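So the sequence shown is numbered by UniProt numbering: it starts at 1 and just counts up by one.
Just so it is clear, CB atoms sit at the ideal spot from N, CA and C, and this is done for glycine as well.
Nothing here was measured: the structure is a model prediction, and the numbers come from that model.
Comments concern the structure below.
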Amino acid sequence: MTPKPAGPPDGGWGWVVAAAAFAVNGLSYGLLRSLGLALPDLAEHFERSAQDTAWVSALALAVQQAASPVGSALSTRW
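In structure tokens, the structure reads:
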């Protein structure tokens, strides 16, 4: 008799985690990157200039990028 091939060590949950991470990254980057499409409407609604309104997405991206070393260190540790 030949031994049965071993299944995935995590029971297949690795694919679920990979799909969830793909969805979260796609939605978060997609939302931030597409905010420029709504920029004129947001500037008009809040009665601000486009330059002032653009700070919203710029700061969101800056915080995300600044926090990435912390996330990397945490994921490496745990």
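Would you kindly check if the distance between the Cβ of residue j and the Cβ of residue i is under 9 Å?
{"i": "A43", "j": "S49", "result": "yes"}
{"i": "Q64", "j": "L32", "result": "yes"}
{"i": "A54", "j": "L39", "result": "yes"}
Given this structure, state the Cα-to-Cα distance separating residue i from residue j, to the nearest angstrom.
{"i": "A18", "j": "T2", "result": "32 Å"}
{"i": "T76", "j": "H45", "result": "43 Å"}
{"i": "A6", "j": "A21", "result": "26 Å"}
{"i": "S28", "j": "W13", "result": "22 Å"}
{"i": "W15", "j": "D41", "result": "39 Å"}
Excluding the 5 residues preceding and the 5 following residue i in the sequence, name in chain order all residues of the same chain whose CB lies nearer than 7 Å to its CB.
{"i": "A62", "result": "none"}
Residue ranges of each alpha helix (DSSP H) run of no fewer than 4 residues wholly in the region 2-53, ordered along the chain?
Within the region 2-53, the complete alpha helix (DSSP H) runs of at least 4 residues are 13-45.
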